[in-house]
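Here's the structure, in structure tokens; my notes come after.
Residue numbers (the working numbering), protein chains in the order written: chain Y, 1 to 135; chain W, 1 to 320.
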């Protein structure tokens, strides 16, 4: 039941942002009869619409369905190349696109380390410090 | 007749010394100009100065000035010979050129900085490169060089600092041109009439009958939304607010975070009550707009956008 009904894409407020080497716009998705459209599907459609060579450079986010369903609105960005994307996009969006991996930092460890560092003032190496304290 | 001639003679005798002085001035000025122009033409003939590809604005300007001078000379000639200048095209010419010169004066002012820079670069350029005289450069840097324009915050006149009036009178600072509205001249009745019109306009926007008329008029495509039964007023207001918010978000390319209260409100709104939402809204509102009776001066307008009672009027859940 992937595409039983037609999904229409419309872009509004199209702007070429030369400073960040990307094109940004507002996306209107019309999907009568469906809950909402997945981001990967939207990326494919945008790639064909704007003839983007690398589908990894497309980022879509902040989609919200209108009242009553059938229409959702969100934002989209298309970067000129992958390097620009890696430079300017926030980490979480890169992770969503698969261009970066999440660093699994244990939250508890981080908090403990911070609390230990609170006791020491200055540039003293905290690593050496907590290695000494950990034992 | 003789009386007239005598009076004109006395007039001429009075003005004669002044005329002489003016003529002398003119002659001196012309001599100076002549000498300068001759010097320049000699140099141009020796191919020292290039006259092509200059600033075209300056070319146009000196051509204008030249023709102005010519017209003036011709005018003076006619006057000196005693010929009349009534309706002669030279007068019109003079006025026209004068007008042009006045109009291009602001351009002149704006270009002044650039022209000065160019001339300085033209004459001082090769010198600076050849002579590595640092002392000279330093001197020109420490002096206030108007050709090295930089934003200078010290020159800012503070808007809020009031200038002391001569007699201790306080004069409010003027920032922008304001129009003095004569508010006193609008009587109370006129003000009320204005307010009534405004309220009428607002109410008519919400009236369904008028909306239908307008959309028929403007050939707007019919918008069909899936609503069961009549739409309640609070729903329309909620939707209007949401649309306004979305428009703002799109403008700024961000999203405002949804609070818990908003989520609750949305849940409340999406709950379908079998199309009976709109039934409890005022019926009288639709009828109010129709011109069934004369309602010209009915007294102050009724402001019933939020029904009296405020919070107490909100629909409460029946608890059994």
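Virtual Cβ for every residue (Gly too), placed ideally from N, Cα, C.
Test item: CB-CB of residue i and residue j under 9 Å
i	j	result
residue 77 of chain Y	residue 60 of chain Y	yes
residue 8 of chain Y	residue 36 of chain Y	no
residue 23 of chain W	residue 68 of chain W	no
residue 22 of chain Y	residue 84 of chain Y	yes
residue 29 of chain Y	residue 98 of chain Y	no
residue 155 of chain W	residue 67 of chain Y	no
residue 58 of chain W	residue 115 of chain W	yes
residue 62 of chain Y	residue 255 of chain W	yes
residue 96 of chain Y	residue 39 of chain Y	yes
residue 63 of chain W	residue 75 of chain W	no
residue 174 of chain W	residue 104 of chain W	no
residue 238 of chain W	residue 201 of chain W	no
Separation of residue j from residue i, as counted between CA atoms
i	j	result
residue 91 of chain W	residue 117 of chain W	38 Å
residue 326 of chain W	residue 216 of chain W	Residue 326 of chain W is absent from the structure shown; chain W starts at 1 and stops at 320.
residue 241 of chain W	residue 19 of chain Y	34 Å
residue 321 of chain W	residue 246 of chain W	No answer is possible for residue 321 of chain W: the residues shown for chain W start at 1 and end at 320.
residue 106 of chain W	residue 212 of chain W	55 Å
residue 54 of chain W	residue 29 of chain W	27 Å
residue 35 of chain W	residue 15 of chain W	30 Å
residue 10 of chain W	residue 79 of chain W	19 Å
residue 136 of chain W	residue 121 of chain W	Low per-residue confidence applies at residue 136 of chain W: pLDDT is 45, beneath 50, and the placement is therefore not dependable, though the value from the model is reported in the following sentence. Answer to the nearest angstrom: the Cα atoms are 15 Å apart.
residue 214 of chain W	residue 206 of chain W	12 Å
residue 204 of chain W	residue 210 of chain W	6 Å
residue 123 of chain Y	residue 112 of chain Y	19 Å
residue 88 of chain Y	residue 102 of chain Y	17 Å
residue 107 of chain Y	residue 91 of chain Y	18 Å
residue 110 of chain W	residue 251 of chain W	37 Å
residue 21 of chain W	residue 86 of chain W	26 Å
residue 14 of chain Y	residue 189 of chain W	50 Å
residue 77 of chain W	residue 32 of chain W	20 Å
residue 41 of chain W	residue 179 of chain W	56 Å
residue 112 of chain W	residue 81 of chain W	41 Å
residue 8 of chain W	residue 19 of chain W	15 Å
residue 181 of chain W	residue 187 of chain W	13 Å
residue 45 of chain W	residue 37 of chain W	12 Å
residue 108 of chain W	residue 56 of chain W	12 Å
residue 176 of chain W	residue 110 of chain Y	57 Å
residue 116 of chain Y	residue 153 of chain W	48 Å
residue 27 of chain W	residue 89 of chain W	26 Å
residue 243 of chain W	residue 185 of chain W	41 Å
residue 73 of chain W	residue 119 of chain W	32 Å
residue 141 of chain W	residue 150 of chain W	Confidence at residue 141 of chain W is low in this model, with a pLDDT of 47, below 50, so its placement is unreliable and no value can be given for it.
residue 232 of chain W	residue 41 of chain Y	37 Å
residue 118 of chain Y	residue 105 of chain Y	19 Å
residue 39 of chain W	residue 123 of chain W	18 Å
residue 197 of chain W	residue 267 of chain W	38 Å
Same chain, Cβ closer than 7 Å to residue i, neighbours up to 5 away in sequence not counted
i	result
residue 50 of chain Y	78
residue 47 of chain Y	55 and 58
residue 82 of chain Y	54, 56 and 57
residue 12 of chain Y	25, 26 and 28
residue 249 of chain W	255 and 256
residue 70 of chain Y	30, 31 and 32
Spatial neighbours of residue i in its chain, beta-carbon cut-off 8 Å, leaving aside the 5 residues before and after
i	result
residue 86 of chain Y	94, 99 and 100
residue 17 of chain Y	23 and 24
residue 5 of chain Y	31, 32, 33 and 34
residue 13 of chain W	none
residue 43 of chain Y	55, 58 and 60
Nonlocal neighbours in the same chain, by C-beta distance under 6 Å from residue i, ignoring five residues either side
i	result
residue 80 of chain Y	21
residue 10 of chain Y	28
Query raised in the report: Between the segment 234-245 of chain W and chain Y, which residues of the former have CB atoms less than 7 Å from a CB of the latter, in chain order?
Result: 239 and 242
Query - Near-chain Y residues of the segment 249-262 of chain W - C-beta to any C-beta below 7 Å - result: 250, 253 and 255
Report task. Below 9 Å between beta carbons is the criterion; list the residues of the segment 17-29 of chain Y that meet it against any residue of chain W, in chain order. Result -> 24 and 26
Query raised in the report: For the segment 69-93 of chain Y, which residues have a CB atom closer than 7 Å to at least one CB atom of chain W, in sequence order?
Result: 73 and 75
Query raised in the report: Which runs of the alpha helix (DSSP H) fall wholly inside the segment 6-53 of chain W and span at least 4 residues, in chain order?
Result: none
Report task. Please list the residues of the segment 52-65 of chain Y that have a C-beta atom closer than 8 Å to any C-beta atom in chain W, keeping them in chain order. Result -> 62 and 64
Requested in this report: Scan the segment 35-72 of chain Y and note each continuous alpha helix (DSSP H) run of 4 residues or more that stays entirely inside, going in chain order.
Outcome: 39-50
**Report entry** Continuous beta strand (DSSP E) assignments of at least 3 residues falling wholly in the segment 82-125 of chain W
**Finding:** none
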